[in-house]
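Residue numbers (our numbering), protein chains in the order written: chain Y, 1180 to 1876; chain G, 7 to 106; chain X, 1035 to 1543.
Structural data, given as structure tokens:
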């Protein structure tokens, strides 16, 4: 498999572009952009090659580097895992990154920004880190690149460091995700301690398993009761499934941080302070996607824990609805997109939690395309508006920038979930999975799924509404400011990526038209086939990352079952009809309200509710309070304690010594008679002591 | 032969007189004389025990003691002269510069 | 012979620099200290390629590298000798010492402008003592070097320090000296109760590990009492809560190059001695006391980090965070697992490099701004981009960013401690609690960076603030490179560390 031999270059090329841009960027034309474009372009081509090889039944899971060779202890290694999931993700990341690099020529270079080498170095490192995360074959390597992704987001969100906002936003992004990563790290350490390995999938040689993976070991422990080798269970005193649930939820902490799920979503809207192409990269393909990808990557581990699944589904469903409501009232175009990102990742979590592994990956794919498109479109608008992002200053841009308008519209239709754009197919499948598993499972799991489904469904309406509110305010009606009347033009380097993504946003959903497949009986649900792997042979028998295996686990271990009250086809169509109907209703409502030449802010009628939404349910306030109102005063109090009590004791000891000395030295009176008297007294006391001790008396 | 106790009583009396002088007198010359008394009390002890044990070492020590006393007086008088030169007095309680 | 040569070069070099005129002292000292630095790199290379599998110097003294033993004094029935040698634990620390000294001397060129020959002479003298501490295998010899470090440090803080230098220097000296006394008492209580005839560390290790029939005092075995006394003595140097208060004062008052040595190497003397004495010679007692010791470590981690959060002085922030980082080392040591103790040793090296880098960077900024207070300045990234870039990299290294040395150390410690048999079912809880330090450390460093480095430039000066000189930035770059190299390939050090550590742990996770 020649493609796999060159696979490390997918990661290394952007890394080289990072080094080149950082150290030689200011001596290169375009400030290092060309290096980045070349590198990501090369990575894209290699990724296509890898994907083709995987499509031909190829599979690769090898160690490439020993980070720490354990002597009588766990050996920590880096390795590549190339299977359908990672191959798909490689395609997404390299494609989006490539387009973002090109777009940056228009957004950064043409706008005369300074510090371009730093910018392109950051982009290169960001891409490399994400690609390293995607191909990682074990949890430790994944964690390490996960953290590097966090670093890059810090560097890029804070790119305009001379202003006050971006450094603060960068700090917040890193800190909030770091809080999640704390739990992730505990989870990683716990998994290594429990299983002695962090492999996602077993490493095989000639069909023999040479290194087992932790999801498989966990499965053996839960399904077959092979808990003997797992000494950790005795240490913590929990049953296998309960402890694995704890570990899974710990790892989920990192996911919630990076994928901006409630309650750690607060960093993401602030991260809009970064350059818009960076936002596109963060939201569509790298940082935020990393969280969801991680759950998909180790899905075999979650699939054996119904509790973890229920938590994921509920967090996802709630976040989807919660973020969508906040998106309703935002005034800046990037803010609306930010909340839509949070909401859409909520859908992916909902899908993963409710047993829709394929649906989640599907939505991850389509979302990557249309969200990158929307952000780049917003970037184009922002260039045109001279970096004014307020939608109430826009309007009427439709005729002045048609390429941007039509591609943006394509992305918006996809986001809203309107047939036949990409978002419809994926979102519909997400909701469908949640629905049938909610109806078919039993007990608390069913309740959680139904609740999560209800929230997800309601969010569809809001999504349609805020999406079209954004479209109408930005592009339709009359221009509401001077810059909107005479916008700045954009060049090919902006229009090109938009066009590519615009076409993809309309069509990428066709890779998995499950309803159509169901109706016609044609095998056109390609993604299902892709993630399930070849039917026979091809893959090593040990491969446990296929969707078939996950379905078995979900059904047999977690008790996730499908219930179809209207029959298979009927339920599918009903679900699709409901979600499409709600999306159309939301879009229609927005059209009604904001269509005119001079729209007014209808959401003002919400009164106090609007204030609540504008303040994001006061989520930021309480988190800032936790940091500055609680932790910082506590630290100050501890500082007082340290200086007063701990150091006080130290200084106290020296003070006592000094004081004692100052008193005792007074016997040095300088009068010889006193010395003689003391001498005599001492002698007498000594004699008396000797006498008493010696029994002279 | 006179018993050793009597010598010891004599020496103890002499020593106590010297000690009394040191503790109560303020004149440096009296001080010096008191020290001489105490030294000689020790000498008497040496000689007395020498006689008691029939061993000459004690007498040798007494000779050393006398030589020491002479040297001490020489230095002592020197100190007293300096004392007088600096404080115009030989009162030991006046010279308290060597204090805390 | 190699170690003797290192000692001789630095000691003679120290004398030569003291006698040289101020103008040349800095350059001369740098040139002289480059000799042991290069020599130790060569020794490291030789060790790596030939002695990689050498065991623990105390448990299998036959396997030490660069060993040399010459009988010296026969004191009251105890044979004392000049006895040196290196194993996988001391080799990296020795290299750290020599390299960091050279870099610290170069970084002193800008800030030190009076009594230069004395300053550099004392720096070299300190290097002699530090090399001796890590290489000595005889207690008497070791103790001479151990105390010998205090003398130059006292003068370096007391003469070239900040406004409260005398207070800080005296506090440092007395605190650590009293601690040495207590340690000494604890150790010799044991020496006198075993039939030792030599004060060589391997002989002591053998005698203490096999000691039986030790007296008990007030219900405690002498081993326990000695362990506690020695732990107290060494813990002051580490330092752990609540014995840490000399450290922030010493750091704040010390000139930058001295802070670099203090944080980079001196603190490691404490953990190195803990590893050599408490955790090797009294391993059984250490395992019995594992949980209270681990709690001390965890409290240090969180307490140091929380205090760092409350500081405004950049140097004080780094000083308190050192307490936090060294707390991890304690946690790793008590785990008695290969990754726990090995990670702890690796963390000593990693923290030495990273904290040295942090202090040096703060120093470079201070040379330019003449203030270290967060809030007095902002937007420095605008004026000194490379320095600030390195500051950011160093700060992320401190936060435990993967592929930098700090992460390797911390992760290995966590990995080793999480299922440590010595800690039982408390292990996951204590380890998780200690890990929370990584969140707090990110909090205060990010906050400090945002306030000082970013935003619009502002600083009240009557001169133009510009980039730092090349010889100021070059040591930073070298250190950063080392941090990254060790983060990407920890096995460069970790392999030899593990070979020296595993005889102590006897296998396990």
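Think of the CB as a built atom: it goes at the ideal place given N, C-alpha and C, for glycine as much as any other residue.
So residue i and residue j are in contact, right, with Cβ under 8 Å, and what is the actual spacing, rounded?
| i | j | result |
| --- | --- | --- |
| residue 1618 of chain Y | residue 1744 of chain Y | 6 Å |
| residue 1318 of chain Y | residue 1269 of chain Y | Not a contact, Cβ separation roughly 19 Å. |
| residue 1136 of chain X | residue 1073 of chain X | Going by Cβ atoms, the distance from residue 1136 of chain X to residue 1073 of chain X rounds to 11 Å, so no, they are not a contact pair. |
| residue 1635 of chain Y | residue 1610 of chain Y | 6 Å |
| residue 1492 of chain X | residue 1433 of chain X | Not really, about 26 Å apart at Cβ, beyond 8 Å. |
| residue 1657 of chain Y | residue 1777 of chain Y | 6 Å |
| residue 1282 of chain X | residue 1354 of chain X | 6 Å |
| residue 1620 of chain Y | residue 1475 of chain Y | Residue 1620 of chain Y to residue 1475 of chain Y, Cβ: 20 Å. No contact. |
| residue 1232 of chain Y | residue 1182 of chain Y | 4 Å |
| residue 1382 of chain X | residue 1305 of chain X | 6 Å |
| residue 1521 of chain X | residue 1468 of chain X | Residue 1521 of chain X to residue 1468 of chain X, Cβ: 20 Å. No contact. |
| residue 1066 of chain X | residue 1158 of chain X | 6 Å |
Would you say residue i and residue j are within 8 Å of each other, going by their C-beta atoms?
| i | j | result |
| --- | --- | --- |
| residue 1623 of chain Y | residue 1763 of chain Y | no |
| residue 1443 of chain Y | residue 1328 of chain Y | no |
| residue 1190 of chain Y | residue 1314 of chain Y | yes |
| residue 1124 of chain X | residue 1091 of chain X | yes |
| residue 1229 of chain Y | residue 1211 of chain Y | no |
| residue 1459 of chain X | residue 1414 of chain Y | yes |
| residue 1274 of chain X | residue 1195 of chain X | no |
| residue 1853 of chain Y | residue 98 of chain G | no |
| residue 1292 of chain X | residue 1190 of chain X | yes |
| residue 1369 of chain X | residue 1818 of chain Y | no |
Under the three-state reduction of DSSP, which class applies to residue i: helix, strand or coil?
| i | result |
| --- | --- |
| residue 1728 of chain Y | helix |
| residue 1244 of chain Y | strand |
| residue 1057 of chain X | helix |
| residue 1250 of chain X | strand |
| residue 1234 of chain X | strand |
| residue 1045 of chain X | helix |
| residue 1815 of chain Y | helix |
| residue 1258 of chain Y | strand |
| residue 1318 of chain X | helix |
| residue 1000 of chain X | Outside the displayed span of chain X (1035 to 1543) sits residue 1000 of chain X, for which this structure offers no information. |
| residue 1478 of chain X | helix |
| residue 1691 of chain Y | strand |
| residue 1255 of chain X | strand |
| residue 89 of chain G | helix |
Of the choices the options, whose alpha-carbon is the least far from that of residue i?
| i | options | result |
| --- | --- | --- |
| residue 1233 of chain X | X:1110, X:1424, X:1072 and X:1397 | X:1110 |
| residue 1526 of chain Y | Y:1543, Y:1514 and Y:1513 | Y:1543 |
| residue 1135 of chain Y | Y:1376, Y:1445, Y:1787 and Y:1223 | Here chain Y comprises residues numbered 1180 to 1876, so residue 1135 of chain Y is not present and cannot be evaluated. |
| residue 1101 of chain X | X:1166, X:1249 and X:1253 | X:1166 |
| residue 1220 of chain Y | Y:1276, Y:1587, Y:1182 and Y:1706 | Y:1276 |
| residue 1522 of chain Y | Y:1505, Y:1508, Y:1499 and Y:1510 | Y:1499 |
| residue 1416 of chain X | Y:1242, Y:1840, Y:1293 and Y:1263 | Y:1293 |
| residue 1482 of chain Y | Y:1363, Y:1398 and Y:1833 | Y:1398 |
| residue 1768 of chain Y | Y:1748, Y:1557, Y:1649 and Y:1726 | Y:1649 |
For the ligand SAH, is there a heavy atom less than 7 Å away from the beta-carbon of residue i?
| i | result |
| --- | --- |
| residue 1806 of chain Y | By its list of ligands, the structure shown contains no ligand whatsoever, and the ligand SAH lies outside what it can speak to. |
Does the segment 1754 to 1771 of chain Y come within contact of the segment 1595 to 1602 of chain Y, defined as at least 3 CB pairs closer than 8 Å?
yes
May I ask you to verify whether the segment 1038 to 1053 of chain X touches the segment 1154 to 1171 of chain X, counting CB pairs closer than 8 Å and requiring at least 3?
yes
Count the CB pairs spanning the segment 1113 to 1133 of chain X and the segment 1269 to 1279 of chain X that are closer than 8 Å, and state whether there are at least three.
no
Do three or more CB pairs link the segment 1386 to 1394 of chain Y to the segment 1463 to 1474 of chain X at distances below 8 Å?
no
Below 8 Å, how does it come out for the segment 1339 to 1357 of chain X and the segment 1387 to 1407 of chain X: are there three or more Cβ pairs, yes or no?
yes
Quick test of the definition: if touching needs 3 or more C-beta pairs under 8 Å, does the segment 1478 to 1491 of chain X touch the segment 1446 to 1465 of chain Y?
With a cut-off of 8 Å on Cβ pairs, the segment 1478 to 1491 of chain X is not in contact with the segment 1446 to 1465 of chain Y, counting fewer than three such pairs.
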